Structures are given as C-alpha cells and as structure tokens.
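In terms of our numbering, the sequence shown opens at residue 5 and continues consecutively. Each residue gets a CB set at the ideal place from its N, CA and C atoms; glycine is no exception. None of these values were measured; they are calculated from a predicted model. Please read the structure below before turning to the comments.
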Amino acid sequence: MARRKAVTDTNSVIAGLLRDLAAVQTSKQSRWGYARAAEAIAALPKPIESYLLPDGTLRKIPQVGPSSTRVILEVLGSGGSATVEQAIAESGKA
C-alpha cells in the first residue's frame, strides 16, 4: 500500500502545480491545456519518474504538451517549479 501512496503523492504534486498554473492563465486555451495535462498526470498508473528517458527527457504522455512537460521536469529535478511560482507571482492571484 505504501508503494501506491508514493505514486499518488508524486503525480498529485505535479497535477496540483499544473492546476495552479491553469488557474492563473489569461488565455482560455492555456487554462484548458494545463488543466487537461493535470488530469492526465493524476490518472497515470505509474510514477511520473518511470516516464523519464535515459537522456533526461520525458516520454510522450497523451494530453501533456511541451509547457507542461517543462514544469514536470522542473519538479522532478528540483522538487518545485520556478515556472509555476513565477506565473502565480506575476498574476497577482497568490
């Protein structure tokens, strides 16, 4: 059971950040894209780390575009996302 919790935690953190990013977008298309990516990450059956390729890139995940992939790689590399933090700070919706 602990193994499943770890999967859920990692994927949930990333999905939450993508939802936060969606919430501060001014473009309807961007809001939709980040929300869609968040749902895709939350629904993954395996830890997001298992989608990393040996060269450090991420294997294609349906519904996850390049901007969301950047956020995912930031989180996997540092535990947080400067991209999300900056977008929230600049939005005035912190």
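So, using beta-carbon positions, are residue i and residue j closer together than 7 Å?
i: residue 76; j: residue 18; result: yes
i: residue 79; j: residue 24; result: no
i: residue 68; j: residue 44; result: yes
Starting from residue i, trace the alpha helix (DSSP H) both ways and give me its first and last residue.
i: residue 54; result: Element bounds for residue 54: n/a, residue is neither H nor E.
i: residue 77; result: 70-82
i: residue 87; result: 86-95
i: residue 34; result: 32-46
How big is the Cα-Cα spacing for residue i and residue j?
i: residue 14; j: residue 73; result: 15 Å
i: residue 9; j: residue 81; result: Summary for residue 9: the model assigns pLDDT 48, below 50, so the residue's position carries little reliability, and this model does not support an answer.
i: residue 21; j: residue 50; result: 18 Å
i: residue 33; j: residue 97; result: 19 Å
i: residue 56; j: residue 29; result: 27 Å
i: residue 31; j: residue 86; result: 20 Å
i: residue 95; j: residue 54; result: 33 Å
My assumption, with CB atoms under 8 Å, is that residue i sits in contact with residue j. Please give the rounded CB distance.
i: residue 26; j: residue 42; result: 7 Å
Would you say residue i reaches chain D, if we count a Cβ-Cβ gap shorter than 7 Å as a contact?
i: residue 86; result: In the displayed structure, chain D is absent; only one protein chain is listed.
Point to revise | Segment contact, 8 Å Cβ cut-off, at least three pairs: the stretch 52-66 with the stretch 20-40 | key: no
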